[in-house]
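Quick notes on the structure that follows.
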Amino acid sequence: MSNFRHKVLRNLSSIQGASYSTTPSRTKKLKLDDLRKLRPMILKRIENRAKDYPVKEIVPVAEDILIARKNLISNVTALLKVFPVLTCKFCSEVFVGKEGHLIETCRSYIRRGNNRLHEWVPGSINDILVPVESYHLHNISQGVIRHQQRFDYDRVPAVLELCCQAGAIHPEEILQYSKIHDNPRISDVDIRSLSAGDLKYVGANALMAWEKLRAGVKKLLLVYPSKVCKRCKEVHVGPSGHKARLCGVFKYESWRGTHYWEKAGVNDLVPEKVVWHRRPQDPMVLLNDGRNHYGHAPAIVSLCSHAGAIVPVKYACKMKPQGLSFPFSSYSVSNHET
Numbered sequence: 001m002s003n004f005r006h007k008v009l010r011n012l013s014s015i016q017g018a019s020y021s022t023t024p025s026r027t028k029k030l031k032l033d034d035l036r037k038l039r040p041m042i043l044k045r046i047e048n049r050a051k052d053y054p055v056k057e058i059v060p061v062a063e064d065i066l067i068a069r070k071n072l073i074s075n076v077t078a079l080l081k082v083f084p085v086l087t088c089k090f091c092s093e094v095f096v097g098k099e100g101h102l103i104e105t106c107r108s109y110i111r112r113g114n115n116r117l118h119e120w121v122p123g124s125i126n127d128i129l130v131p132v133e134s135y136h137l138h139n140i141s142q143g144v145i146r147h148q149q150r151f152d153y154d155r156v157p158a159v160l161e162l163c164c165q166a167g168a169i170h171p172e173e174i175l176q177y178s179k180i181h182d183n184p185r186i187s188d189v190d191i192r193s194l195s196a197g198d199l200k201y202v203g204a205n206a207l208m209a210w211e212k213l214r215a216g217v218k219k220l221l222l223v224y225p226s227k228v229c230k231r232c233k234e235v236h237v238g239p240s241g242h243k244a245r246l247c248g249v250f251k252y253e254s255w256r257g258t259h260y261w262e263k264a265g266v267n268d269l270v271p272e273k274v275v276w277h278r279r280p281q282d283p284m285v286l287l288n289d290g291r292n293h294y295g296h297a298p299a300i301v302s303l304c305s306h307a308g309a310i311v312p313v314k315y316a317c318k319m320k321p322q323g324l325s326f327p328f329s330s331y332s333v334s335n336h337e338t
């Protein structure tokens, strides 16, 4: 096929009076020779860079992250047995409470509507602590993962992969570690015996573990590079992103579905699931007419505040604890029921 193409181009060049050459030019040959000479030097530099990792001074930070993550999962699992969490059947909206709100913010493509009421179903811990996974690398100096190699590597939580590269977990033990610590067993009998003071203590511990986890991840990201896709929020812990064509944003998706990598932040590895937060001055069911009065908060913060934990001041701007509430009336309720 290539010979036929060259013959056609020769005929066209002879007709137009131009010259066509199928052999590469001398400058291109020199550039290729230079790249062949530089390739061993580049590979050797990558291998030498991997010898500087893990950084011994950062290992205690990664170990503290593992402890905080373990405490966070166990405490949140205990709180979910007391305080119900609801999630929408058609979108990713979450609400902490017995009854879901009536705010028309459901924009699921399945329902084909911009603003609709949510259909609430019982939620789980994944609705409070959003799971973020990445490919598990054997070492930091290995080659880029190709599209055809995407099933040859395991998917693990991104925080665990970051701690593994920091030297807190052995690469061969990360899968077993995830199975043991990500599914704590807490009986309902133990939770029922807890008093209001004990629940407040559990909520405070969960909130403290959440802050320690985010602070530790922020420190590790200054030392260990991580990437996130600008379009679909795929996370890759490593010096360069992978080549698996899995980008799923339809508006920007090319025919190959390649990722658009940029530097990852704390919110990419430990996302804040922001939800509507019901304050004491708000009605029992949040109405759509008062959406400008209500506050917002991360789901974990809203859950811990229901348990009685003291919320840090930095969340007060979103939660509006002293803000005015929507004037509640029976007329507005009847309008929503009809």
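For the sequence shown, position 227 (counting from the first letter as 1) is numbered 227 according to full-length UniProt numbering, and the numbering increases by one without interruption. Backbone N, C-alpha and C fix where the C-beta goes; we use that ideal spot for every residue, glycine too.
Which whole-angstrom value is the C-beta distance of residue i and residue j, which I expect to be below 8 Å?
| i | j | result |
| --- | --- | --- |
| A206 | L79 | 7 Å |
| I145 | H242 | 4 Å |
| I110 | F90 | 5 Å |
| Y53 | Q165 | 7 Å |
| T77 | V121 | About 19 Å; that fails the 8 Å criterion. |
| V223 | V55 | 6 Å |
| S325 | H277 | Going by Cβ atoms, the distance from S325 to H277 rounds to 12 Å, so no, they are not a contact pair. |
| G156 | I140 | Reading off the sequence, residue 156 comes out as Val, not Gly. About 15 Å separates the two Cβ atoms, so there is no contact after all. |
| residue 402 | V159 | Since the displayed the chain opens at 1 and closes at 338, residue 402 lies outside it and no answer follows. |
| H147 | A297 | Going by Cβ atoms, the distance from H147 to A297 rounds to 40 Å, so no, they are not a contact pair. |
| G203 | A309 | 4 Å |
Can you tell me which of the options puts its alpha carbon nearest to the alpha carbon of residue i?
| i | options | result |
| --- | --- | --- |
| I180 | V301, R39, G323, S74 | S74 |
| S124 | G97, V228, N139, G308 | G97 |
| G197 | A307, I58, P84 | A307 |
| D154 | Q142, S134, S141 | S134 |
| G257 | V266, P239, K263, E234 | E234 |
| L246 | R150, G100, T87, R39 | R150 |
| Y177 | I140, L66, D190, G248 | L66 |
| E161 | D182, P184, Q148, H136 | H136 |
| K200 | Q148, V313, C304 | C304 |
| P283 | H101, K230, V130, L38 | H101 |
| residue 341 | H147, D152, V130 | Because the chain is modelled from 1 through 338, residue 341 falls outside the range shown and cannot be assessed. |
| C232 | G248, A244, S240, L221 | G248 |
| V57 | N267, A168, S302 | What sits at residue 57 in the sequence shown is Glu, not Val. The option with the nearest alpha carbon to E57 is A168. |
| S302 | K230, R279, N288 | R279 |
| V132 | N267, V202, S92, K37 | N267 |
| N115 | N288, D33, K314, V313 | N288 |
| K230 | L220, E262, G203 | E262 |
| D182 | R36, Y315, V130 | V130 |
| Q281 | V311, G323, P312, L43 | G323 |
If I measure Cβ to Cβ from residue i and keep anything under 6 Å in the same chain, skipping five residues before and after, which residues do I get?
| i | result |
| --- | --- |
| A299 | V94, I128, K273, V275 |
| K320 | G295 |
| E99 | V285 |
| S226 | V237, A264 |
| G290 | F326 |
| P84 | K98 |
| K239 | Correcting the residue type first, residue 239 is Pro in the shown sequence and not Lys. Taken in chain order, the residues that qualify are P225. |
Just to confirm my understanding: we take residue i, look at its own chain, exclude 5 residues before and 5 after, and list those with CB closer than 7 Å. What are they?
| i | result |
| --- | --- |
| S21 | In this predicted model, S21 has a pLDDT of only 49, less than 50, meaning its place in the structure is not dependable; the value taken from the coordinates is given anyway. Contacts found: none. |
| N71 | N205, A209 |
| A68 | A209, K212, L213, G216 |
| E119 | C88, K89, F90 |
| P171 | H138, C164 |
| K318 | G295, H296, A297 |
When the cut-off is 9 Å and only beta carbons count, does residue i lie next to chain C?
| i | result |
| --- | --- |
| A158 | Reference to chain C is not applicable here, since this structure consists of a single protein chain. |
Using C-beta distances below 8 Å, list every residue in its chain close to residue i, excluding the 5 sequence neighbours before and after it, in chain order.
| i | result |
| --- | --- |
| K81 | I186, D188, I191 |
| G113 | C106, R107 |
Nearer than 8 Å: is that true of the beta carbon of residue i relative to any heavy atom of the ligand GDP?
| i | result |
| --- | --- |
| Q148 | Inclusion of the ligand GDP in the displayed structure is not the case, the ligand content being empty and no account of it being possible. |
Inter-stretch contact (C-beta, 8 Å, three-pair minimum) for the stretch 211-222 and the stretch 61-69: Yes, the stretch 211-222 touches the stretch 61-69.
Length at least 4, wholly inside the UniProt domain "APO" (228-313): the alpha helix (DSSP H) runs in chain order: As for any alpha helix (DSSP H) of minimum length 4 sitting wholly inside the UniProt domain "APO" (228-313), the runs are 266-269, 299-306, ordered along the chain.
Whole runs of the alpha helix (DSSP H) within the UniProt domain "APO" (87-172), excluding any shorter than 4 residues: Listed in chain order, the complete alpha helix (DSSP H) runs (minimum 4 residues) inside the UniProt domain "APO" (87-172) are 125-128, 158-165.
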